[in-house]
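**Student:** Residue numbers (our numbering), protein chains in the order written: chain A, 1 to 355; chain B, 1001 to 1355. Glycine included, C-beta positions come from ideal geometry on N, C-alpha and C. Model, not experiment: these values are computed from the prediction. Quick one: structure below, then a few questions.
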């Protein structure tokens, strides 16, 4: 493996001095890019992109060719793990992901087992290796997984949902069964992320997209506790370097102190919190990643520049901030707005990093 | 008007001593009740229920006949106001509310005017009067409105939305036009709530269902500022008594201090915040209303009792808490679960109010 030419992202996550605030964007390889759509058309469908390491590598690198990004993120889907558990992931035309066999019976829940990540998820590890080779040390590669609870949401509901009513009904009717699913998921996510690290991921992120719809008590018991278990089980070093971990609960702004206490290195923030206030609350315990509203990219150039500068200013001086969106980029985003955002961060941020 | 026999709800909102924690439930008159569905079938459709004072009175009183509730809430819809502005509200079968003429052109936005609430919204005031008469002083009647921003969401988008992308695009492209809509809406909401108070509403609540999807900065500029203007313009007394106002921003747990600073009397809480932590943050500035997860009503009796007791215990001793859900009741809720919840609150709460 070649040495890393740009490690600004990794250093910011460790709150080590940097020259500017590094950036990457959630879902930076995606449908807002014409070149992505062209590759996807060649691949045939979304899952074929994920399952073929050549296609996954191609789309992972596309945004890096256009924009001044400081990290690449593995192109994949959070639902590969429950798919490998045998739930049968598919994408209905014009709809979100669905499972053929959602967890609706006690026997199915009791039968659940964590998959060997090098077997049924070998295609993901192949993609990690292929992307690392193609990156050739230009920027670090981020691996990722859904959180145990977020995976459970799709596994029980069988699809996305407005309110995940079936999930909450199970959680409040049979907490024992929900805990069983989450234990299996925590093992599966830990093994999956460690396999990504062994294959070459240089940082890992856990996406807790749906933990924020839980009550304060239920969040701690059913989502945070299992993310903490995953963080504890992660390989902490690879290639002679710390592999930082980032936790992101969308809508989790009230729980930052608890999230920081898991031992992770960084927290993702959505856009509802003031990043300066968040920094005061977590102190020097963790780095912060975020917190630009992705829909502000639909706005005027002035509003994009103003919002980006306001976030940088609110975070203030010193390292520990990775600029990002507060959620995945919207498919209707104009690619030139993304360029303006990233150029603004790159050009404005050095003044916050003067020694 | 007769004297109020049970004013526990009003006293709790003013943080005056009470014997138990009063309760009401958002959307307590609704589709989870068979008697509601029967009345709705007779009325023909949802809007006919709202527009006919006899039907509105009938459904408003239905949950009070079943449950130990300490307040009634006017049966109506938040979108009556933009409908009275001429946007053409309708309900497509099996879908949410829609507008025939959403605000998509600058001229339409410039043409917008606050409606005279006693004219085009006279049916709402007739319902308030009729409900007050039917209540006969048993419990207070709550009037309500959508927040200026939440109304604007539907007015611009033309319907509900996952992300209100059109609204955010307008907000970030043409903030001047968004501010114009919000100014008109703030006047309309103030006039509408004051007309409800004149007709007999004894407390008022402002529902900011969508403010919580805004960034920290945008929330303060586009939602909170206009709710503050409404609160300032509200009639503060009626029938020789304070008319308390409650602000509720779903997902607004990070902004409680700012909301309390508007001069309102109470804040609605969703279920993501610990109510004891919220109480510490707002001090004795406002009362708190909430914060039971409505989907916990799908759970086992044990979980309903446990969650209700945990909320009461977290709030702790003394007045200033109105028990409620953190969002409207789900239509699939078993009516007996609602009874268990309300009996639990009524029976468990007196120990927190011993002098």
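How would you call residue 332 (chain A), buried or exposed, if buried means at least 16 neighbouring beta carbons within 10 angstroms?
**Tutor:** exposed
**Student:** Assuming the contact rule is C-beta atoms closer than 8 Å, residue 1035 (chain B) and residue 1062 (chain B) should be a hit. Round their C-beta distance to whole Å, please.
**Tutor:** 5 Å
**Student:** Kindly list, in the order they appear in chain A, the residues whose Cβ is closer than 8 Å to that of residue 1037 (chain B).
**Tutor:** Under the 8 Å cutoff, chain A gives no residues; its nearest Cβ is about 19 Å from residue 1037 (chain B).
**Student:** Are residue 270 (chain A) and residue 250 (chain A) close, meaning C-beta to C-beta below 7 Å?
**Tutor:** yes
**Student:** Distance, Cα to Cα, residue 1228 (chain B) vs residue 1204 (chain B)?
**Tutor:** Their backbone Cα atoms lie some 14 Å apart in a straight line.
**Student:** When Cβ atoms are compared, which residues of the segment 261 to 286 of chain A fall closer than 7 Å to chain B?
**Tutor:** 271, 272, 273, 274
**Student:** Would you check if the distance between the CB atom of residue 1146 (chain B) and the CB atom of residue 1078 (chain B) is smaller than 7 Å?
**Tutor:** yes
**Student:** Against chain A, does residue 1178 (chain B) count as a neighbour if the rule is that its beta carbon must be under 7 Å from one of theirs?
**Tutor:** no
**Student:** Using a Cβ-Cβ distance cut-off of 7 Å, determine whether residue 1226 (chain B) contacts chain A.
**Tutor:** no
**Student:** How about residue 1388 (chain B): is its C-beta nearer than 7 Å to some C-beta of chain A?
**Tutor:** The question about residue 1388 (chain B) has no answer here: the residues shown for chain B are numbered 1001 through 1355.
**Student:** Sorry if obvious, but does the Cβ on residue 1206 (chain B) come closer than 6 Å to a heavy atom of the ligand COA?
**Tutor:** Questions concerning the ligand COA fall outside what the structure shown contains, since it holds no ligand whatsoever.
**Student:** Under a CB-based cut-off of 7 Å, is residue 1296 (chain B) close to chain A?
**Tutor:** yes
**Student:** Under a three-way DSSP split, which group does residue 218 (chain A) fall into?
**Tutor:** helix
**Student:** Determine the extent of the beta strand (DSSP E) in which residue 1305 (chain B) is found, giving its start and end residues.
**Tutor:** That residue, residue 1305 (chain B), is in no beta strand (DSSP E); its alpha helix (DSSP H) goes 1301 to 1315.
**Student:** What residues of chain B sit near residue 212 (chain A), judged by a beta carbon separation below 8 Å?
**Tutor:** Near residue 212 (chain A) (Cβ distances below 8 Å), the residues of chain B are 1272.
**Student:** For residue 1304 (chain B) versus residue 1247 (chain B), is the C-beta spacing smaller than 7 Å?
**Tutor:** Cβ atoms of residue 1304 (chain B) and residue 1247 (chain B): not closer than 7 Å.
**Student:** Name, in chain order, the residues that DSSP records as bridge partners for residue 321 (chain A).
**Tutor:** A:288
**Student:** Count the other C-beta atoms from every protein chain shown that fall within 10 angstroms of the C-beta of residue 1293 (chain B), then say buried if there are 16 or more, exposed otherwise.
**Tutor:** With a 10 Å radius around the Cβ and a threshold of 16 neighbouring Cβ atoms, residue 1293 (chain B) comes out buried.
**Student:** Here's a check: name, in chain order, each residue in its chain whose Cβ is nearer than 8 Å to the Cβ of residue 1074 (chain B), leaving out the five neighbours to either side.
**Tutor:** Cβ within range, chain order: 1056, 1060, 1124, 1127, 1128, 1131, 1141, 1142, 1143, 1144, 1196, 1201.
**Student:** Using a Cβ cut-off of 7 Å (strictly closer), state whether residue 159 (chain A) contacts chain B.
**Tutor:** no
**Student:** Step through the CB atoms of chain B and report whether any lies within less than 7 Å of the CB of residue 4 (chain A).
**Tutor:** no
**Student:** For residue 343 (chain A), decide whether its Cβ has a neighbour in chain B, counting only Cβ atoms nearer than 7 Å.
**Tutor:** Look at residue 343 (chain A): its C-beta is not under 7 Å from any C-beta on chain B.
**Student:** If we require 4 or more residues per run, which alpha helix (DSSP H) segments fall completely within the segment 148 to 236 of chain A?
**Tutor:** 148 to 157, 165 to 173, 175 to 199, 225 to 233
**Student:** Anything in the segment 248 to 259 of chain A with a Cβ closer than 8 Å to a Cβ of chain D? List those residues in chain order, please.
**Tutor:** The structure shown contains no chain D; the protein chains it does contain are A and B.
**Student:** Under 7 Å Cβ to Cβ from residue 158 (chain A), same chain only, skipping five residues before and after it: list those, please.
**Tutor:** 98, 99, 102
**Student:** Are the segment 18 to 25 of chain A and the segment 321 to 335 of chain A in contact at 8 Å, needing three or more beta carbon pairs?
**Tutor:** yes
**Student:** Among A:260, A:33, A:17, A:166, which one has its Cα closest to the Cα of residue 339 (chain A)?
**Tutor:** A:33
**Student:** Between A:135, A:238, A:108, which has its C-alpha nearest residue 181 (chain A)'s C-alpha?
**Tutor:** Looking at the Cα atoms, A:108 is the closest of the given residues.
**Student:** Among B:1191, B:1167, B:1287, which has the Cα closest to the Cα of residue 1319 (chain B)?
**Tutor:** Taking residue 1319 (chain B) as reference, the option from B:1191, B:1167, B:1287 with the minimal CA-CA separation is B:1287.
**Student:** Taking only beta carbons into account, state which residues of the segment 1168 to 1201 of chain B come closer than 7 Å to chain A, listed in chain order.
**Tutor:** 1168, 1169, 1172, 1173
**Student:** Near residue 1218 (chain B), which residues of its chain fall below 7 Å by C-beta distance, leaving aside the five closest residues on each side in sequence?
**Tutor:** Closer than 7 Å at Cβ, skipping near neighbours: 1171.
**Student:** Can you pull the chain A neighbours of residue 1092 (chain B), defined as C-beta to C-beta under 9 Å?
**Tutor:** Neighbours of residue 1092 (chain B) on chain A: none; closest Cβ ~17 Å, over 9 Å.
**Student:** Are the CB atoms of residue 1114 (chain B) and residue 1188 (chain B) nearer to each other than 7 Å?
**Tutor:** yes
**Student:** Verify the CB distance criterion: does residue 339 (chain A) have a CB-CB separation below 7 Å to chain B?
**Tutor:** Residue 339 (chain A) does not count as touching chain B.
**Student:** Nearest CA to the CA of residue 346 (chain A): which residue from A:317, A:312, A:329, A:330?
**Tutor:** A:312
**Student:** Quick check: the Cα distance between residue 1224 (chain B) and residue 253 (chain A), rounded to an integer number of angstroms?
**Tutor:** 18 Å
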